[in-house]
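The structure appears below as structure tokens.
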Amino acid sequence: MCSSRWAVIILAGSLIACENFDPQLTTPSSRYVWQIPANIPAPRELADNPMTYEKVALGRHLFYEKRLSGNRTFSCATCHHPSHAFADDPNIDDGSADFSKSGLNRITVAKGSTGEFHPRNSMQLINLAWQPVLTWGNPLMVRLHTQAQVPLFGENPVELGLVGLEESRLSELRSDPVYQKLFAAAFSQSGNPYTMGNVTRALEAFQRSIIGFDSPYDRFSRGESGAISASAVNGFNMFFSEEFECFHCHGGINFTNSEDHSRKAFAEIDFANNGLYNIGGTGAYPTGNTGIKEVTGLVSDMGRFKAPTLRNIELTAPYMHDGSIADLDGVLDHYARGGRLISSGPNAGDGSLSPFKNSFVKGFTLTTQQRADMIEFLRSLTDAKFIANTAYSNPWPQGHLNNP
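Going by UniProt numbering, the sequence shown runs without a break in its numbering and finishes at 404.
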């Protein structure tokens, strides 16, 4: 599975009180030090946007900033909630829509600041410094600061809806004492630090700083005895076996085969069709949600989406690029069958027979115990310390527009 999803969200609004709020900064232009385990290769450095603590601090504030949306109601964090590994919170009614007439009971996708539903499910944000593409279905979108422009300024669909308001919102940030300190520290060499280019570069820096490598599985992989249960070990062996084939698309340090880091000669970017749809037996996917075919124009790229990271997967339901599978049992049902069957409606078709389906999605048989073991392994990828890490939480004080 692989696809393109524009994920960041930024908004606009008036500052509410807290004039004495003072963001904590380090020494100006202090080089960022990656805090990662010894078995994890360092991410590739970006020559045109080197990491600094000051950029990360600014980007963190902007990530939760509602004044970057047209109607001052959304921020990046609206669709990328920290408690759900920076994916959508399924308990918040901001993106569920009934598509039963299309042969599906319900799918959950993102919803923009104006209420417009999106064709894609919000991707989670973790270890993006090791992932060369964030989007579900655009292999050309290889930089986070470029990708951030899509939710900010995109109009089909509208996400943050900032088009035409850039200068007025930058002026608001320029007048804010908090941002005066943050922008000056992050972009001290810039004559005018208050630009949308600097906004997106700071967002890129913060997103690259969102790191988690301390799940029970990580500790198990580093040799910690008893870090995961015997059931999870069984699931681990199944996951990496040729019988189940999971690792072919969900391998590497982030359980996705799109990967990049300082030890690689080049970035690996891959998109695959997993048999989710086969409309009318032609291999077609729903209009407007056809994967990288929307970029390449090639029929053979129909339904090819990015295989997302499986880290924290138990927290990021619903699943697939369009949020059309509700839980992990449903995901296993899909892959065990070798593709999804939609028996009626406009999307009717047998995904297992798709002419464009990846050959590794071939189906398998699961016993009740094997199913339990596989799910136990997937749950071992949950990093509780990552979820609770206050370095990624909302920095604005309680009662502020950005933290009501």
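Backbone N, C-alpha and C fix where the C-beta goes; we use that ideal spot for every residue, glycine too.
Candidates the options: closest to residue i by CA position
i, options, result
"N192", "F74, P119, S171 and F63", "S171"
"S122", "S344, Y319 and A388", "Y319"
"V295", "G115, L128, W136 and H118", "W136"
"H80", "A148, R143, V142 and A47", "A148"
"A267", "N273, G280 and G252", "G252"
"T367", "V109, C249, L332 and H400", "L332"
"S359", "A284, A391, E243 and D373", "E243"
"D301", "R311, Y285, F220 and A348", "Y285"
"W396", "Q189, S30 and L62", "L62"
"D373", "A388, G303, F239 and Q398", "F239"
"K293", "R143, F356 and W130", "F356"
"E116", "S83, P90, F255 and E155", "E155"
"A38", "R222, N254 and I342", "R222"
"A307", "N138, M141, H334 and C249", "C249"
"R311", "I325, W130, T73 and R174", "W130"
"P90", "V233, A110 and I375", "A110"
"V33", "S209, F74, V233 and L341", "S209"
"H400", "S343, I325, I375 and R67", "R67"
"I387", "G338, A202, S215 and R219", "S215"
"R44", "N347, H321 and E259", "E259"
"R371", "N234, M51 and L353", "N234"
"L152", "F74, E245 and T287", "F74"
"E159", "R72, E224 and R169", "R72"
"I342", "R143, S241, S168 and G283", "G283"
"A202", "V163, R143 and Q369", "R143"
Element boundaries [alpha helix (DSSP H), containing residue i]
i, result
"R219", "P216 to S221"
"N234", "A230 to F239"
"A186", "P177 to A186"
"N198", "M196 to S209"
"K385", "A384 to A388"
"T368", "T368 to R379"
"C79", "C76 to C79"
"A336", "L328 to R337"
"P151", "Q149 to F153"
"H61", "Y53 to F63"
"K264", "Taken as a continuous stretch (DSSP letters only), K264 belongs to no alpha helix (DSSP H), as it is neither H nor E."
"E294", "K293 to T296"
Rounded distance between the beta-carbons of residue j and residue i, thought under 8 Å
i, j, result
"G351", "L276", "6 Å"
"T309", "I126", "6 Å"
"residue 405", "E314", "No answer is possible for residue 405: it lies beyond the span of the chain, which begins at 1 and ends at 404."
"F255", "F305", "About 15 Å separates the two Cβ atoms, so there is no contact after all."
"E204", "N49", "6 Å"
"G363", "G338", "3 Å"
"L134", "L128", "6 Å"
Proximity of residue i and residue j at Cβ, strictly below 7 Å
i, j, result
"A42", "S262", "yes"
"P157", "G212", "no"
"A85", "Q124", "yes"
"S380", "Y217", "yes"
"N198", "F187", "yes"
"D327", "A317", "yes"
"T195", "H145", "no"
"T114", "G161", "yes"
"N289", "P119", "yes"
"E65", "A185", "no"
"P132", "I269", "yes"
"L165", "G226", "no"
"G281", "G349", "yes"
"A232", "E376", "yes"
"V361", "N274", "yes"
"S83", "T52", "no"
Any non-hydrogen atom of the ligand GDP within 6 Å of residue i CB
i, result
"A284", "Of ligands this structure carries none, so the ligand GDP is not represented either."
CB contact check: residue i to chain D, cutoff 7 Å
i, result
"N156", "Any reference to chain D falls outside this structure, which holds one protein chain only."
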